[in-house]
Every structure is written in C-alpha cells, then in structure tokens.
Amino acid sequence: MTTQTTTALRTHSCGVLRTSDVGAAVRLAGWVDSNREHGEGLVFIDLRDRAGLTQLVFELESTTSEMVDPARKLRGEDVIAVEGVVRERLGGKNPRLETGDIEVVVQKLTILNKAESLPMRPTDKEGLPGEETRLRHRHIDLRRPRMQQILRTRHRVGQIMRAFLDNRGFSEIETPILFKTTPEGARDFLVPSRHHPGMFYALPQSPQILKQILMISGMDRYFQIVKCFRDEDLRADRQPEFTQLDIEMSFIEQEDVIELMSELFREMWREILGVEVGDIPRMTYHEAMERFGSDRPDLRYGLELVDISDIAQKTDFKVFTGALEKGGVVKAIRVPGGAKLTRKITDGYAEFVKQFGAGGLPVTKIENGAFATGVARFVEPVQKELMERLDCEEGDLIAFGADTRAVACRSLGELRIRIARDMEMVPAHGEQWKFLWVVDFPLVAWNEDEKRWDSMHHPFTAPTAEDLEKLETDPGSVLANAYDIVLNGSELGGGSVRIHSSDVQKRVFRLLGLGEEEARMKFGFFLDCLRHGAPPHGGIALGLDRIIMHLCDTDNIRDVIAFPKTQSGMDAMAGAPSEADAKQLDELFIKSTWTGEKQPG
RNA sequence: GGGGCGGUAGCUCAAUUGGUUAGAGUACCGGACUGUCGAUCCGGUGGUUGCGGGUUCGAGUCCCGUCCGCCUCGCCA
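Counting from 4, one number per residue, gives the positions in the first sequence under my numbering.
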C-alpha cells in the first residue's frame, strides 16, 4: 500500500517504522490500543492507526514525570500525538507486529481527545460483540483492523474496475436516483414530490432503461458503480440498497460481454488475491438445473442429481410411479459415505425438502453390497440398474426426489448444498474458485399464481434470433441472450443482449400480458427511444457487495458495507427510518394511515 | 406473512428439576509494580435477567403477548 500519510500532526503512520528508522525523530498520532503500565517509571502504549500498531515507551530515564504520569492514565481509544525517537527494542522484539523490532521513546505527549469508556472494544480478537452492538456503535466497529481491511479492499476493487473499463473506452456516467419505476419486478421505494402533490418518484432498482438510452444516444460504452434500491425482505446476502457495477455496450453480441467480464474477474482476482482464475467454463441453464438443481451451481463438490425416471418406472413404488404418471420425474443424489447419516438426520432432510414443495425424501443406503433400510424394498427390483446408473459404492446413501421436474430439481438441489455443508465437502475459503457462466436462459417462465408469463431476466432481454418465431406459438421454449456469472454457488451478476427493435419489444410486452396502454404508461418514453435508431446493445450488472464478500471471505453482506441496514431495514446507528414531522408531511400532502394496528391479510 | 435460534453487568458468557443474596472473565475506578506486548498482582463500583401480563409459596428458568437481532421460506436476480 503506497500511502502519503505525513500531515501537520505526524511524520509517519503507525505501520511503517522499521529498524532502518532507528535514531529518527518522529511524530505519530493515533488511538491508544493498549496501556501496559509498570509504575511511575515505565509505561508502554500501543498506538494504533489504520496502518498498524507502534509501541510507545514512556520512561523516566528519557523524559520527566510530567510526561510519564499522564501516559499512565491513558485508556483505550484516547486520541494522542507524540514526539519521540525511534530505537531498537530493548526488552525483546515482537514478531507478531510489523513494527515489532522498534519502539518510539516518547519525549512529548499531547492528548488530543480523551475517550469515555466504550460500549465495545475495536478488537478482532475473541469475544466480538453481537452484531446488534456492532451496528449500533459502527464508528467503533469500523476501527477494527478487519473492517478497515474490508473497506480498503472494497475501495481497491472499485479502482480496478474503473481503470479496467476506462482502458477499454468506457465512460462512467451518472444516472438519476429520483426516477420512475424500472422493470425489475421488485417493490419500489417511493419518494413523494413536493412540486407535484400526490405524485412520486421511484428509486431505481437498477439504471436499466437509462443505460439502454445511453446506448441509443451513441455513448457506445457506459459503466457506473451505482446504488440500486429494492424494497424486499433482506437476507444474509441482500440489502435494500446495494451496489452494482453496471455496464452497457453497443454493437456487441453476448460473446463480447462474456469475454470482457471474464477478463475483469481474472484481473480482480489476480490483483487482490494473487490468484489466476483461468478460463471460465460455461453451462446452459438447462444443464445446471438438471445436474445441480440450481441456476447458480456450486461446482466445488459433486453430489450431482441423476435422472432415474426410466428405472423408477419399473418399480411398484407409488411415490415414483405416481410422480411419473403426473408428468414428473424421479431424480437421485448419491451421497458417498452417507450411510453413516443417522435416521434423525435423514428425517431432518425430509423436513428440509418439504419447504421447497417436496412431499418427502425417500432414502436408502448401500450396506453389504445391497440396498438396506429406508425404501430399500421398493427399489430392490431395480437394484443392479440403479447402482450402475449412480455408480454406487459401499457405504453410500441415495436420496430420491420424485415430483414435478421443477420441484424435484429444486428440492434436491437445495438438499445437495445442505448435505455438502453437513458432511464438510465444501472446501475452505480460497482453496477453490469455481467461476461459471450460466447461459441459454429461457426468456420467460410461467407464473402459475398469476396465470401468465413472467420475464426471467427483465422485459428488455432479447430472445435468440432462432427462437424469435416461437414467441407467440411456444413461448416457454424460447431461449434468451441472457447470461449469469456464478462463483462457488453464488450469483455475482447477470445481463443480456437487449431488444433493439420496437417491434420485437412490443411482441415481448404482449407475451408478458403488458397491454398496449400499460406498456405506454410505464415505458412509453422508452419505446419511443427504440424507434429513433437503437443500435444492437447489451450489458451486465455485477453485485459489488457480493464480489467483496468473496474476496474478503465473509458470508455476511453487512460486513462489506460501511453503514448497512438490519434485517428489518433499520439503521441501528442513526435510527432510520424515523417519523417525519407534521410540517414536512403537510408540504408533501402526505398523511399516514398507520393506526398502530397491523392490516389484516 | 410463515418457520427456527437468540436477548442475563458497558462487552463476552454462566446460573442443576422452578428454590438462599443472579456469578465469572473483560472493561471501568482505586492501589502496587522499570521491559511489557491481550502486562501482571490486590481491592472496588456495576443488574428493571428486552418489555408487558399470567401460573406458582417461590420465575432468569414454565405459559401468553409484544419488541429487537440473526438465519430461513415466501418475496427478491
């Protein structure tokens, strides 16, 4: 890290002094990390800033008791400045510190700011406070070296992205935060308009339409590191406001985006981790769903789903035959060494898959070369065939999913992840980086509740040229020019080639049940743009927060955001959201209907 | 909206089957100490057991409600 840290108050940071500096007169400033006081004659202070720790020595041999006595009273997080001389440590060196070979003998101490006793200590060592405390006192939590390292990495990643794209002719262009509903399909955050009573801006769920308009405007290559807003429930990797690297390019095909982004990921992993990512393989959406039961498969372990419908057909097991009669499938996962899983555990798995719509989880084990326990007697007749298909070995467990294709794949896919975790088959962080492009997504998916087709990606995604003719006749089979980048089972981003013809756009809107009038009201301005000369274009958006999570080895998105929100969307530090005062509301012609009672239904 | 886990000193945690005055470490305060490095040693302050109600001779512990945090399904690319 090259850093210019010299200021009026200091000559060096707390992380840079070495034996080569012995004899130098220095001034340092920072926070008191610890105080080791040995009476009126000798005090050690560890001084901390973002660069590291430096040991300060106050001793009567070198200075007066007017300097040593105040040092004895220093407490954690007091802010001080000192003047002194660097010398080699007298009492043994500290190999755990980069500055552990030297110490600074202090001649002058200035107390810049005493700290009151703290609700928490900013230490990475054991006994980290609960997350609620950390979020409430974020100013202290962010003093922890770990948090500083994460935010510093986040900054560097942003710089890498900017330099990478700048070198390739991209322009960073800002787009409005106060805008209009955008087509991602999540709930919008709304901002009331004072000039236009009763009307609202929507915060963008992404700058999707705007970046497409920039392409129509001839900007050719756009990017932005930008906040996006979605008013949906939170998860460990989801915040209501999150950051994307948003990209759009003109006169391109899918391949251009994939190649460019692959190179960006290689560069980020090389620069931050010193890891060579290499070529990033591709897999179709269909294959990902069939083999892994997920559109973001984790390729770091096996446990693949295998279709055994044809074999299951030959059994008298009603769970199998019933599913097949209804047009479903039977799939299986072989769990190597899974025979040691207890009944209690496999019952737990059965409960687990129920939340994804499965009726239950038939299992059996391979003991003494044959099926034993569970549904063994039902699958006994096809034992040889089944064991061959699944490559079974002694001590395996077989778990079955018999249901509609969607439910069987999804439930076994989720189970696969859970089993891998339980059986410790997931490599430790940094051991394997399994990047994957998932391609050939369907354009639309059937929404059973609403009885209509929904966009898989968003309504501006282009169907492949070959499938264009099936748009009206067989929409479910139409593939899209859409792609996702996946790493170790987590989706890092996705994009598509866009529709650049207003005719195709209208047909897709019609397919989505978006009437002429509704489409005109929501996106009419954009349809007009498409008619005025739109170049072929496409792009992608990467989830910056999730990328940082991988680079910094955390599974908590709040760790990579300086001021994140809690699961209920609150800012624990500032106490947002909060009530607005009556005057503000009057100006906006807003009146809350909140009665303190939850709405029924 | 549903399911799960949790909330005890500033912080991290303990408290047997429901049973005496709710403990420990750390932080903080006072004292001792000239080579420590998460200093050590001695002493001390510190509690509405999230909040409200109930059961009981007796509740940190059991029951109901509620708030907050985390995980998760739905939701959301």
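Just so it is clear, CB atoms sit at the ideal spot from N, CA and C, and this is done for glycine as well.
- prompt: What number of angstroms, rounded off, separates the C-alpha of threonine 126 from the C-alpha of leucine 100?
  reply: Looking up residue 126 in the first sequence gives position 123. Looking up residue 100 in the first sequence gives position 97. Distance between the alpha carbons of threonine 126 and leucine 100: 15 Å.
Practice task
Express the C-alpha separation of leucine 415 and leucine 263 in angstroms, rounding to a whole number.
Solution key: Against the first sequence, residue 263 aligns to sequence position 260. Against the first sequence, residue 415 aligns to sequence position 412. Cα to Cα, the separation comes out at about 34 Å.
Ignoring anything shorter than 3 residues, give me the beta strand (DSSP E) runs that lie fully in the stretch 283 to 346, in order along the chain. 285 to 287, 308 to 310 and 332 to 338
Just to confirm before moving on: does the CB-CB distance between isoleucine 488 and phenylalanine 463 stay below 7 Å? Here residue 488 refers to the residue found at position 485 of the first sequence. Here residue 463 refers to the residue found at position 460 of the first sequence. No, Cβ-Cβ distance for isoleucine 488 and phenylalanine 463 is not below 7 Å.
* Length of the line joining the Cα atoms of glutamine 602 and phenylalanine 182 -> Numbered from 1 along the first sequence, position 599 holds the residue referred to as residue 602. Numbered from 1 along the first sequence, position 179 holds the residue referred to as residue 182. Reliability fails at glutamine 602, whose pLDDT of 44 lies under 50, so the model's placement of it is uncertain and the value that follows must be treated cautiously. Between the alpha carbons of glutamine 602 and phenylalanine 182 lies a distance of about 29 Å.
Return yes when the Cβ of valine 447 is within less than 7 Å of the Cβ of aspartate 298, no when it is not. One-based indexing of the first sequence puts residue 298 at position 295. One-based indexing of the first sequence puts residue 447 at position 444. Not in contact: aspartate 298 and valine 447 (Cβ atoms no closer than 7 Å).
**Asked** By how many angstroms is the C-alpha of threonine 598 removed from the C-alpha of leucine 588?
**Response** For the purposes of this step, residue 588 is identified with residue 585 of the first sequence, where counting begins at 1. For the purposes of this step, residue 598 is identified with residue 595 of the first sequence, where counting begins at 1. If I take the Cα positions, the gap works out to 16 Å.
Exercise. What do you get for glycine 479, buried or exposed, if any count of 16 or more other CB atoms within 10 angstroms of its CB means buried?
Worked result: The residue given as residue 479 occupies position 476 in the first sequence. By the neighbour-count rule (16 or more Cβ atoms within 10 Å), glycine 479 is not buried but exposed.
Is it right to say aspartate 52 is buried, meaning 16 or more other beta carbons lie within 10 angstroms of its own, or is it exposed?
-> Counted from its first residue, the first sequence places residue 52 at position 49. Classification of aspartate 52: buried, given that the 10 Å Cβ count is 16 or more.
- For the alpha helix (DSSP H) that contains isoleucine 532, what are its first and last residues? Against the first sequence, residue 532 aligns to sequence position 529. As written in the sequence, residue 532 is cysteine, which differs from the isoleucine given in the question. Bounds of the alpha helix (DSSP H) holding cysteine 532 are 519 to 534.
Leucine 112, DSSP secondary structure in three states = Counting from one through the first sequence, the residue named residue 112 turns up at place 109. It is a strand residue.
### Integer Cβ distance of arginine 337 from valine 429, believed to fall under 8 Å
Position 334 of the first sequence, counting from 1, holds the residue named residue 337. Position 426 of the first sequence, counting from 1, holds the residue named residue 429. Not a contact, Cβ separation roughly 17 Å.
Cβ shell of valine 160 (< 8 Å), same chain only, five flanking positions each side left out: To locate residue 160, count along the first sequence from 1; it is residue 157. Around valine 160: Met271, Ile275, Leu547, Ile550, Ile551 and Leu554.
| said: Distance check for arginine 392 and aspartate 319, CA to CA, integer angstroms please. | reply: On the first sequence, position 316 is the one that residue 319 refers to. On the first sequence, position 389 is the one that residue 392 refers to. Each residue's alpha carbon lies about 19 Å from the other.
| query | Grouping DSSP H, G and I as helix and E and B as strand, with all else coil, what is histidine 540? | reply | Here residue 540 refers to the residue found at position 537 when the first sequence is read from its first residue. Three-state DSSP puts histidine 540 in a strand.
Rounded to a whole number of angstroms, what is the C-alpha to C-alpha distance between isoleucine 314 and glutamate 328? Within the first sequence, the letter at position 311 stands for residue 314. Within the first sequence, the letter at position 325 stands for residue 328. If you take the alpha carbons of isoleucine 314 and glutamate 328, they lie about 14 Å apart.
Nearest neighbour of leucine 56, chosen from Glu62, Leu138 and Phe47 [CA to CA]: Walking along the first sequence from the start, residue 56 turns up at place 53. It is Phe47.
Would alanine 326 and alanine 405 be called neighbours here (beta carbons separated by less than 7 Å)? Along the first sequence, read from residue 1 onward, the residue named residue 326 stands at position 323. Along the first sequence, read from residue 1 onward, the residue named residue 405 stands at position 402. Result yes, Cβ atoms of alanine 326 and alanine 405 sit closer than 7 Å.
Q.
Going by C-alpha to C-alpha distance, which of Met123, Asp506 and Thr569 sits closest to glycine 536?
A. What you label residue 536 is simply residue 533 of the first sequence in a count that begins at 1. Ranking the options by Cα distance to glycine 536, first place goes to Asp506.
Report task. Look up proline 445 in the DSSP assignment and say whether it is helix, strand or coil. Result -> Here residue 445 corresponds to residue number 442 of the first sequence, with the count starting at 1. DSSP places proline 445 in strand when its eight states are reduced to three.
Bridge partners - valine 500, DSSP secondary structure assignment
As a position in the first sequence, residue 500 is number 497, starting the count at 1. Gly541.
*Same chain only: Cβ atoms within 7 Å of glycine 377, ignoring 5 sequence neighbours per side*: Numbered from 1 along the first sequence, position 374 holds the residue referred to as residue 377. Within its own chain, the residues whose Cβ lies closer than 7 Å to the Cβ of glycine 377, once the five positions on either side in sequence are excluded, are Pro365, Val366, Thr367 and Lys368, listed in chain order.
Notebook entry, point to check: Are three or more beta carbon pairs between the stretch 508 to 516 and the stretch 285 to 293 nearer than 8 Å?
Noted result: no
| task | Run the CB neighbour count on histidine 540, radius 10 Å, all protein chains shown included, and call it buried at 16 or more, exposed below. | result | Here residue 540 corresponds to residue number 537 of the first sequence, with the count starting at 1. So histidine 540 ends up on the buried side.
Outcome for threonine 345 when other beta-carbon atoms lying within 10 angstroms are tallied against a minimum of 16
Taking the first residue of the first sequence as 1, we reach residue 345 at position 342. Burial call: exposed.
Neighbourhood of aspartate 24 by C-beta, 6 Å cutoff - its chain only, sequence neighbours within 5 removed
One-based indexing of the first sequence puts residue 24 at position 21. Only Val89 meet the Cβ criterion.
Next on the checklist: Looking at isoleucine 543: is its Cβ nearer than 7 Å to the Cβ of glycine 496?
Outcome noted: Position 540 of the first sequence, counted from the first residue, corresponds to residue 543. Position 493 of the first sequence, counted from the first residue, corresponds to residue 496. Yes; because the gap between Cβ atoms is below 7 Å, this pair is in contact.
Less than 8 Å between the CB atoms is what I'm expecting for leucine 248 and isoleucine 228, so what's the real figure, rounded? For the purposes of this step, residue 248 is identified with residue 245 of the first sequence, where counting begins at 1. For the purposes of this step, residue 228 is identified with residue 225 of the first sequence, where counting begins at 1. The pair is a contact, with the Cβ atoms about 6 Å apart (cut-off 8 Å).
Just list the alpha helix (DSSP H) runs in the stretch 83 to 158, keeping only unbroken ones of 4 residues or longer that don't cross its boundaries, in chain order. 134 to 139 and 141 to 144
Quick check on DSSP: helix, strand or coil for glutamate 251? Residue mapping note: residue 251 aligns to position 248 of the first sequence, counting from 1. Correct three-state label for glutamate 251: strand.
Exercise. Evaluate leucine 213 with the Cβ neighbour count: other Cβ atoms within 10 Å of its Cβ, from every protein chain shown; 16 or more gives buried, anything less gives exposed.
Key: Residue numbering aside, residue 213 sits at position 210 when the first sequence is read from its first letter. Buried, by the Cβ-count rule.
Can you tell me where the alpha helix (DSSP H) holding alanine 379 begins and where it ends? The count along the first sequence starts at 1 and reaches residue 379 at position 376. Segment 379 to 382, the alpha helix (DSSP H) holding alanine 379.
With DSSP run on the structure shown, which of helix, strand or coil describes tryptophan 34? Here residue 34 refers to the residue found at position 31 when the first sequence is read from its first residue. Strand.
Under the assumption that serine 209 contacts phenylalanine 203 (Cβ atoms under 8 Å), give the Cβ distance between them as a whole number of angstroms.
Taking the first residue of the first sequence as position 1, residue 209 is located at position 206. Taking the first residue of the first sequence as position 1, residue 203 is located at position 200. With 8 Å as the limit, serine 209 and phenylalanine 203 do not qualify as a contact, their Cβ atoms being about 18 Å apart.
In whole angstroms, give me the CA-to-CA distance for alanine 585 and methionine 576. The count along the first sequence starts at 1 and reaches residue 585 at position 582. The count along the first sequence starts at 1 and reaches residue 576 at position 573. Looking at the two C-alpha atoms, the distance is approximately 24 Å.
Practice problem: Could you give the DSSP three-state label for glutamine 602: helix, strand or coil? | Solution: Sequence index remark: in the first sequence, residue 602 carries index 599 (1-based). At glutamine 602 the pLDDT is 44, less than 50, meaning the model places this residue with poor confidence; the figure from the coordinates comes in the next sentence. Residue state, collapsed to three classes: coil.
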